[in-house]
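Novice: 23 is the number of the first residue of the sequence shown in my numbering; add one for each residue after it. A virtual CB, placed ideally from N, CA and C, is assigned to each residue, including glycine. Because the structure is a prediction, the values reported are computed rather than measured. Can you keep this structure in mind? I'll have questions shortly.
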Amino acid sequence: MERRLVVGLCNPSPEYEQTWHNLGFRVLRILARQLGLRLKTRGEALFARGRFAGRELLLLMPQSYMNVSGAPVAALAAKEAV
């Protein structure tokens, strides 16, 4: 089965909430809601799994600043083999 990993990045501090720094989070929240997916804590990220257009879709929102988000993304990618 083909998988897609979609990662939304952010800066988690409140001062960034309504800025371009958090556009990735806003997009993933909308996508999750439209697909009926619930984001759950998994390691250092919020995560949801679902299906879209015949593919398995993995949504990931690292709970770290953009410049250090590689570790949570790499950990999930390795575990899920994407």
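Sort Ser86, Gly58, Arg60 and Glu78 by Cα distance to Gly30 and report the nearest one.
Specialist: Out of Ser86, Gly58, Arg60 and Glu78, Ser86 has the C-alpha closest to the C-alpha of Gly30.
Novice: Any idea if Ala67 is buried or exposed, counting beta-carbon neighbours within 10 angstroms, 16 or more meaning buried?
Specialist: Answer is buried; the Cβ neighbour count reaches 16.
Novice: Hey, Leu61 and Gly72: beta-carbon distance below 7 Å or not?
Specialist: Not in contact: Leu61 and Gly72 (Cβ atoms no closer than 7 Å).
Novice: Given this structure, state the Cα-to-Cα distance separating Ala75 from Leu53, to the nearest angstrom.
Specialist: Between Ala75 and Leu53, the C-alpha separation is close to 13 Å.
Novice: Among Cys32, Lys101, Arg26 and Tyr38, which one has its Cα closest to the Cα of Met88?
Specialist: The candidate whose alpha carbon is nearest that of Met88 is Cys32.
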